[in-house]
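Top line first, the protein sequences correspond to chains A and B. So for the first sequence, my numbering puts the first residue at 2; every next one is plus one. So for the second sequence, my numbering puts the first residue at 86; every next one is plus one.
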Amino acid sequence: DTGVSQNPRHKITKRGQNVTFRCDPISEHNRLYWYRQTLGQGPEFLTYFQNEAQLEKSRLLSDRFSAERPKGSFSTLEIQRTEQGDSAMYLCASSSGGSADSNQPQHFGDGTRLSIL
Amino acid sequence: DAKTTQPNSMESNEEEPVHLPCNHSTISGTDYIHWYRQLPSQGPEYVIHGLTSNVNNRMASLAIAEDRKSSTLILHRATLRDAAVYYCILRLHSGAGSYQLTFGKGTKLSVIP
Numbered sequence: 002d003t004g005v006s007q008n009p010r011h012k013i014t015k016r017g018q019n020v021t022f023r024c025d026p027i028s029e030h031n032r033l034y035w036y037r038q039t040l041g042q043g044p045e046f047l048t049y050f051q052n053e054a055q056l057e058k059s060r061l062l063s064d065r066f067s068a069e070r071p072k073g074s075f076s077t078l079e080i081q082r083t084e085q086g087d088s089a090m091y092l093c094a095s096s097s098g099g100s101a102d103s104n105q106p107q108h109f110g111d112g113t114r115l116s117i118l
Numbered sequence: 086d087a088k089t090t091q092p093n094s095m096e097s098n099e100e101e102p103v104h105l106p107c108n109h110s111t112i113s114g115t116d117y118i119h120w121y122r123q124l125p126s127q128g129p130e131y132v133i134h135g136l137t138s139n140v141n142n143r144m145a146s147l148a149i150a151e152d153r154k155s156s157t158l159i160l161h162r163a164t165l166r167d168a169a170v171y172y173c174i175l176r177l178h179s180g181a182g183s184y185q186l187t188f189g190k191g192t193k194l195s196v197i198p
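What follows is the structure in structure tokens.
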């Protein structure tokens with residue numbers, strides 16, 4: 002178990018630029034989640050994949066955000082035309098489990114911290 | 086969605102037990118009680134979960150009230166490494182919305198040497 006890996010750990014960019022983050026889940030996990038966390042708050046759910054299918058998106062995921070998991074393994078989260086309010090920690094998590102039981106623990110990476118200048 | 090209420094912060098002396106409370110008076114019969122913690126500069130880490138019965142694992146114990154409207158996470162001997170924000174979360178067992186974790190602000194635990 003090598004854990005969930007996220008890259009880069011930090012990203013600084015100018016407002017209006019596009020950014021892409023990568024998440025490598027634990028290899029046997031079929032579920033993958035993205036969350037966003039701002040300072041002093043708990044993480045907020047963004048989206049969820051089961052294998053390569055994106056099954057749910059939060060209302061927080063505006064049309065500037067897109068997430069993919071093309072082969073059911075790693076995932077990318079892209080933010081287009083970044084805004085100041087996008088500054089946050091972006092966390093990825095993965096878990097195992099079928100549709101009948103959603104209580105498998107989620108294993109989180111250490112996140113990508115995005116700073117918008 | 087059923088919500089949880091936790092104290093903003095708590096302090097504990099090192100090597101003493103810690104009882105972290107969580108109120109969830111609107112819990113439904115199919116909600117599981119999960120606890121995660123987040124150490125500084127790290128992602129959240131699963132601690133424990135349960136439905137009705139008390140649960141123990143290598144990290145902690147979870148005591149669930151008989152009416153399930155509250156629960157307590159018990160760290161048997163606090164260490165400096167236990168200083169973190171602890172989140173109490175309700176999860177549906179299955180179905181729509183069961184896959185996401187809904188975090189509140191949690192309880193920030195400080196451990197005093």
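Beta carbons are placed, not taken as given, at the ideal position from N, Cα and C, and that holds for glycine.
A:E79 beta carbon less than 9 Å from that of A:N8: Counting from 1 along the first sequence, the entry for residue 8 of chain A is found at position 7. Counting from 1 along the first sequence, the entry for residue 79 of chain A is found at position 78. Taking C-beta atoms as the reference points, A:N8 and A:E79 fail to come closer than 9 Å.
Nearest-angstrom Cα distance between B:I197 and B:P102? Taking the first residue of the second sequence as position 1, residue 197 of chain B is located at position 112. Taking the first residue of the second sequence as position 1, residue 102 of chain B is located at position 17. Cα-Cα distance, rounded: 12 Å.
I'd like to know whether the C-beta of B:G128 is nearer than 9 Å to at least one C-beta of chain A. The residue you call residue 128 of chain B lines up with position 43 of the second sequence. Yes, because at least one Cβ of chain A sits closer than 9 Å to the Cβ of B:G128.
Over what stretch of residues does the beta strand (DSSP E) that includes A:L62 continue unbroken? For the purposes of this step, residue 62 of chain A is taken as the residue at position 61 of the first sequence. It is not in any beta strand (DSSP E) - A:L62 carries neither H nor E in the DSSP assignment.
Neighbouring residues, chain B, relative to A:Q42 (Cβ below 7 Å): Translated into the one-based positions of the first sequence, residue 42 of chain A becomes position 41. Ordered by position in chain B, the residues that pass the 7 Å Cβ test against A:Q42 are K190.
Can you tell me whether B:R166 is helix, strand or coil according to DSSP? For the purposes of this step, residue 166 of chain B is taken as the residue at position 81 of the second sequence. When DSSP states are grouped into helix, strand and coil, B:R166 belongs to the helix group.
Per the DSSP calculation, B:N98 is bridged to which residue(s)? In the second sequence, counting from the first residue as 1, residue 98 of chain B sits at position 13. Answer is B:I197.
Around the Cβ of A:Q85, are there at least 16 other Cβ atoms within 10 angstroms (buried) or fewer (exposed)? By one-based count along the first sequence, residue 85 of chain A stands at place 84. Exposed: under 16 other Cβ atoms inside 10 Å.
What does the alpha-carbon distance come out to for the pair A:G112 and B:E99? As a first step, residue 112 of chain A must be located in the first sequence, where it is residue number 111. As a first step, residue 99 of chain B must be located in the second sequence, where it is residue number 14. C-alpha separation (whole angstroms): 29 Å.
Using a Cβ cut-off of 8 Å, pull out every chain B residue sitting near A:F75, in sequence order please. Reading the first sequence from its first residue, position 74 is the one you call residue 75 of chain A. Residues of chain B passing the Cβ test: none, with the nearest at roughly 17 Å.
From what residue to what residue does the beta strand (DSSP E) around A:M90 run? Your numbering for residue 90 of chain A matches position 89 in the first sequence. Counting along the chain, the beta strand (DSSP E) containing A:M90 begins and ends at 89-96.
Is A:N8 close to chain B, meaning its C-beta is less than 9 Å from at least one C-beta of that chain? Residue numbering aside, residue 8 of chain A sits at position 7 when the first sequence is read from its first letter. Chain B, which has no Cβ nearer than 9 Å to the Cβ of A:N8, makes this no.
My understanding is that B:L160 touches B:D167, with C-beta atoms under 8 Å, so please give their C-beta distance in whole angstroms. In the second sequence, the residue the question calls residue 160 of chain B occupies position 75. In the second sequence, the residue the question calls residue 167 of chain B occupies position 82. About 6 Å; that satisfies the 8 Å criterion.
In three-state terms, what does DSSP make of B:Q200? A question about residue 200 of chain B goes unanswered here, because the residues of chain B that appear run from 86 up to 198.
Chain-order list of residues whose beta-carbon lies under 8 Å from that of A:P71 (same chain, five-residue window excluded): Translated into the one-based positions of the first sequence, residue 71 of chain A becomes position 70. Contacts found: E53.
I need the boundaries of the beta strand (DSSP E) containing A:D25, first residue and last residue. As a working mapping, residue 25 of chain A is identified with position 24 in the first sequence. In the DSSP assignment, A:D25 falls within the beta strand (DSSP E) that extends over 20-25.
Can you tell me whether A:Q81 sits near the ligand PLP, meaning its C-beta is under 8 Å from at least one heavy atom of the ligand? With respect to small molecules bound, the structure shown includes none, and the ligand PLP cannot be examined in it.
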